[in-house]
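Heads up: the structure comes next, in structure tokens.
Residue numbers (our numbering): 1146 to 1227.
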């Protein structure tokens, strides 16, 4: 079990339990869907489709993986990189 110290309030906690992911993943999925809606994907004999759903999946995944290095202190709710 690794512990970190909050740089703001100096509280010690396990960052695995306080990783910030939910809101950033939703924002990444929304921005991925927005960018994907501008792109058409051709799927061979199956026809074409908008890139909205693939863009949302890719954007959400990238955001989830990117924010897994940030934690929120349970004492003062400060968000910082770990």
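Glycine included, each C-beta is placed from N, C-alpha and C at the ideal position.
Check, Outcome
"Give a yes or no on contact between the stretch 1176–1184 and the stretch 1214–1225, applying the rule of three or more CB pairs nearer than 8 Å.", "no"
"Would you tell me roughly how many angstroms separate the C-alpha atoms of residue 1156 and residue 1150, rounded to the nearest one?", "5 Å"
"Can you pull the DSSP bridge partners for residue 1174?", "Beta-bridge pairing links residue 1174 to no other residue."
"Tell whether a beta-carbon distance below 7 Å holds between residue 1197 and residue 1178.", "yes"
"Looking at the unbroken beta strand (DSSP E) that takes in residue 1224, where does it start and where does it end?", "1224–1226"
"According to DSSP, which residues form a beta bridge with residue 1150?", "1157"
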